[in-house]
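Since the structure comes first, as structure tokens, the remarks are kept for the end.
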């Protein structure tokens, strides 16, 4: 006697419950097969990544000096890539953004227009590292005095001090939790309109997004499908959302997309008007928290390994099991990337895609 197939089981359930939604017709759906073609790894070689958890104050010059000191310390401990927190040069808050904002375009700006740009460039070059410079308030150069416009912007620099990519925060932090917290970034900031993938020639592709962006899984999925080995989020969650969602979101983005996830927070300062959660962390593709900070200023570091990415995707081959005959591939939709980015997309054996971005994102 032949073993009953799934649809026969479904049919029996259908007799019990006439509202069961599955069809009783047996239909074979061909599944994607994994390609055996050899391809370049998503992460070319191990990279030591450090998150610097700082507590910025109102003095921008002091913030830049403190960041430079901590970047130097991380590099001396072997970090090849360093991440700073959201708004590392300014207190976080709508009331602080205009006074701390800098003009970044046209690029490169002058030192007078953007001391933070030049400080970050020097930090990267002096320490021969890749640097994701947290974020800074950006003043739109084309806005008028009567109608100013600001962005929350992250700058990434290479070991030669050159700008590799720019990300403007896409999703603005507008929330209202009765009795706990109300915050509206959109009262001051404007949203960006590009997905940011940055090619690090020595290692591979990373995606950079900022804080509230982590809540939107489409952004992470697109980045992973286009070949990112890590999703990097400078972010400043608070004492309401932090304990609930900070680690949860980091691990969810990691396990859904089988990539490393990096969350870099400001340190907590209870004397400040906005109290950051802290707990900067690095999560591996299996959603294991490799390292986690506490609340105070510190540096946490972990090694991102190609073999961990490959083994995760080999053992749980999500890439080859996706059912794009049933639902759409969001990464193949209309996606706005940096205007000058050149994407060479190569299908990899595990169903993910690797994107090589050979020009500066603007």
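In our numbering, the protein residues as written are 119 to 480. Each residue gets a CB set at the ideal place from its N, CA and C atoms; glycine is no exception.
- By DSSP's assignment, residue 272 forms a beta bridge with 285.
- Rounded to whole angstroms, the gap between the alpha carbons of residue 392 and residue 333 is 20 angstroms.
- Assignment of residue 442 by DSSP, reduced to helix, strand and coil, places it in the coil class.
- If you look at residue 422, you'll find it in the beta strand (DSSP E) that goes 416-422.
- Secondary structure note for residue 247: it is in no alpha helix (DSSP H), with a DSSP letter that is neither H nor E.
- C-alpha of residue 244 to C-alpha of residue 179: approximately 18 angstroms in a straight line.
- Comparing C-alpha distances from residue 163 to each of 322, 394, 250 shows the shortest one belongs to 322.
- Inter-segment contact for the stretch 383-399 and the stretch 430-444 is absent: fewer than three beta-carbon pairs are separated by less than 8 angstroms.
- As a beta-bridge residue in DSSP terms, residue 381 pairs with 351, 399.
- For the stretch 154-208, the continuous alpha helix (DSSP H) assignments of 4+ residues that do not extend past its boundaries occur at 178-194, in sequence order.
- With a cutoff of 7 angstroms on beta-carbon distance, residue 202 and residue 283 are scored as not near each other.
- Contact between the stretch 372-386 and the stretch 179-196 is not established, with fewer than three Cβ pairs separated by less than 8 angstroms.
- Residue 317 has its alpha-carbon roughly 12 angstroms from the corresponding atom of residue 456.
- Here residue 331 is buried. Its C-beta has 16 or more other C-beta atoms within 10 Å.
- Residue state for residue 328 is assigned as coil, using DSSP reduced to three classes.
- Sequence-distant partners of residue 285 (beyond 5 residues in either direction) whose C-beta falls short of 6 angstroms from its own C-beta, in its chain, are 272, 314, 326.
- The continuous alpha helix (DSSP H) containing residue 339 extends over residues 335-343.
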